[in-house]
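To start, the structure under review is shown below, and the notes come after it.
Numbering (UniProt numbering), first residue to last: 1 to 119.
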């Protein structure tokens, strides 16, 4: 059986319960806390959080979520009025992208190949 390696971001949170509420209620993730650690999942997306006591950690952290479902995600997030949602744009490097800044300042950038998304 093949078990491919995955890369999972571990972001800082100033309040794990608040992070869990935001990711579940606003972004459609399911989460579970383990003491001072939180894991949220939605389909094949998974993000981990550690409890931080300094705002500079989440405000200087980001992750990139790449895949073909970003157009549907953007439509869903916009319909739900997700705070911090940027416009979706075709970038000169061949990606279509948008981003969200979570309540603690973590930047989530979503992107997919412009060529593949508009084929």
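Backbone N, C-alpha and C fix where the C-beta goes; we use that ideal spot for every residue, glycine too. A quick note: this is a predicted structure, and the numbers were derived from the prediction, not measured.
- Beyond the five residues adjoining it in sequence on each side, residue 40 comes within less than 6 Å, by CB distance, of 23, 29, 31 and 47 in the same chain, given in chain order.
- Going by C-alpha positions, residue 43 is about 23 Å away from residue 105.
- Three or more beta-carbon pairs drawn from the stretch 71-86 and the stretch 96-103 are found closer than 8 Å, and the two stretches are therefore classed as touching.
- Proximity to residue 58 across 107, 8 and 4 peaks at 107, based on C-alpha coordinates.
- Using a Cβ distance threshold of 8 Å, residue 49 and residue 12 count as a contacting pair.
- Uninterrupted beta strand (DSSP E) stretches at least 3 residues long and entirely within the stretch 35-114 occur at 37-42, 45-51, 62-66, 95-101 and 107-113, given in chain order.
- For residue 119, there is no enclosing beta strand (DSSP E), as DSSP marks it with neither H nor E.
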